[in-house]
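Read the structure below first, then the notes.
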Amino acid sequence: MTLVLTADSASELFTQACHAVLAAGHPAAPRGLPTIEVLGASLTLTNPRRRLVDVPPARVINPAFAAAEAAWILSGSDDPWIYLYNERLADYADHGRLMGAYGPRLRRWHGTVDQLARVQWQLTEDPGTRRAVIQLFDPEADSGDHKDVPCTLGYRFFLRDGLLHMHTTMRSQDLWLGFCYDIFTATIVQELLASWIGAGLGSYWLCVDSLHLYDRDLPKAQQLPQAAVPGPLMAPLAAPWETFDELLSTVISVGPASGAGWSELAAVLASYRARKAGDREAARLMAYSHGGPLAEALGRWYNRLDRDRQMLEETRR
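See below:
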């Protein structure tokens with residue numbers, strides 16, 4: 065029986081899904097790693113701009129990594145600069161490279177096809193098309209024994225009644241860690257495509273074969289409230305296609321960027337770089353000076369890091 069859930073925000077959808085997996089999940093241990101999973105899940109986010117999962121204190125994500133991963137993928141990159149924002153990604157790399165990185169598959173499929181540009185053209189030329197598909201899983205590349213194999217099979221887009229709807233299919237979804245970041249990036253792709261074709265933002269559908277929680281995360285998932293506070297509405301994201309890659313380069317490495325949404329992404333990345341360079345005070349000032357929901361969430365992430373650091377220092381005394 066398929067698990068079917070709908071919510072207006074990613075925080076609510078995440079919380080519902082965690083409780084559903086806790087209640088109905090069955091044990092499974094792929095690669096010897098114990099999980100509880102639900103086979104077959106359909107999750108719908110009705111307002112994709114409420115993409116930030118933020119359910120403190122039980123679930124506080126790293127919004128700088130969410131922003132960095134989105135920009136990394138959209139720019140078509142598989143460069144290792146992403147490890148600055150999430151060191152654990154390096155554990156899944158082969159010879160320093162993440163073989164399943166989505167960016168090159170999205171923007172340079174087999175080195176030649178920009179799928180983002182192609183889908184934009186298809187939706188513009190034939191608004192009723194059913195062929196607007198972005199493929200991420202590559203049987204040729206992913207049949208090897210790499211550490212990193214894409215969990216996402218692909219995206220599909222449908223323009224109906226002036227709204228752009230997005231469907232994502234995943235073979236596997238780590239609910240506690242992966243979901244929070246995957247839905248952030250995917251809905252940015254949806255919002256950008258909607259802006260490029262002059263459409264409104266429709267619903268986001270996520271179909272997952274194995275929706276699971278690892279055993280190590282079960283105690284944390286059990287601390288979630290029964291109902292989450294609706295997540296914040298993010299600032300709109302739009303950019304001319306002709307200068308889109310230039311904008312991404314600015315957001316990633318320079319900042320600030322024009323537009324409330326882009327400037328917030330750039331601000332949290334700059335703040336996190338300052339933190340990693342050792343200037344924690346400057347990092348907080350950068351985050352708090354912006355004031356958007358992503359920057360505010362970054363402050364909560366810094367609080368979590370500081371508490372963990374203090375606890376570690378106390379155990380060493």
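In the numbering used here, the protein residues as written are 65 to 381. We put the beta carbon where it would ideally sit given N, CA and C, even for glycine.
Short CB-CB distance (under 7 Å) between residue i and chain C
{"i": "residue 194", "result": "No chain C appears in the structure shown, which is made up of a single protein chain."}
Cβ neighbours of residue i in the same chain (closer than 6 Å, five flanking residues each side left out)
{"i": "residue 110", "result": "72 and 267"}
{"i": "residue 13", "result": "No information on residue 13 is available, as it lies outside the stretch 65 to 381 that the chain covers here."}
{"i": "residue 98", "result": "279"}
{"i": "residue 105", "result": "67, 272 and 275"}
{"i": "residue 234", "result": "215, 216 and 272"}
{"i": "residue 154", "result": "147"}
Short Cβ contact (7 Å threshold) for residue i with residue j
{"i": "residue 186", "j": "residue 193", "result": "yes"}
{"i": "residue 142", "j": "residue 165", "result": "yes"}
{"i": "residue 314", "j": "residue 303", "result": "no"}
{"i": "residue 76", "j": "residue 296", "result": "no"}
{"i": "residue 178", "j": "residue 169", "result": "no"}
{"i": "residue 118", "j": "residue 361", "result": "yes"}
{"i": "residue 305", "j": "residue 124", "result": "no"}
{"i": "residue 258", "j": "residue 228", "result": "yes"}
{"i": "residue 240", "j": "residue 206", "result": "no"}
{"i": "residue 285", "j": "residue 86", "result": "yes"}
{"i": "residue 132", "j": "residue 149", "result": "yes"}
{"i": "residue 347", "j": "residue 359", "result": "no"}
{"i": "residue 113", "j": "residue 74", "result": "no"}
Burial state of residue i, where buried means 16 or more other Cβ atoms lie within 10 Å
{"i": "residue 237", "result": "buried"}
{"i": "residue 270", "result": "buried"}
{"i": "residue 370", "result": "exposed"}
{"i": "residue 214", "result": "buried"}
{"i": "residue 80", "result": "buried"}
{"i": "residue 188", "result": "exposed"}
{"i": "residue 260", "result": "buried"}
{"i": "residue 167", "result": "buried"}
{"i": "residue 93", "result": "exposed"}
{"i": "residue 230", "result": "buried"}
{"i": "residue 354", "result": "buried"}
Nonlocal neighbours in the same chain, by C-beta distance under 7 Å from residue i, ignoring five residues either side
{"i": "residue 299", "result": "324, 325, 328 and 356"}
Contacts around residue i, its chain only, beta-carbon distance under 8 Å, and the 5 residues preceding and following it disregarded
{"i": "residue 312", "result": "135, 138 and 139"}
{"i": "residue 160", "result": "144 and 154"}
Problem set entry | Runs of beta strand (DSSP E) wholly within the segment 79-120 (minimum 3 residues, chain order) | With a minimum length of 3 residues, the continuous beta strand (DSSP E) runs that stay inside the segment 79-120 are 90-92 and 99-109.
Exercise. Counting Cβ pairs closer than 8 Å, one from the segment 258-274 and one from the segment 222-231, do we hit at least three?
Worked result: yes
Exercise. Are the segment 289-296 and the segment 231-245 in contact at 8 Å, needing three or more beta carbon pairs?
Worked result: no
Exercise. Where are the alpha helix (DSSP H) runs, 4 residues long or more, that stay fully inside the segment 128-179, in chain order?
Worked result: Complete alpha helix (DSSP H) runs here, min 4: 166-171.
Exercise. If you scan the segment 247-281 from start to end, which runs of the beta strand (DSSP E) of 3 or more residues do you find wholly inside it?
Worked result: 264-278
For this session: Pick out the complete alpha helix (DSSP H) segments inside the segment 278-334, 4 residues or longer, and give them in chain order.
Result: 282-285 and 308-317
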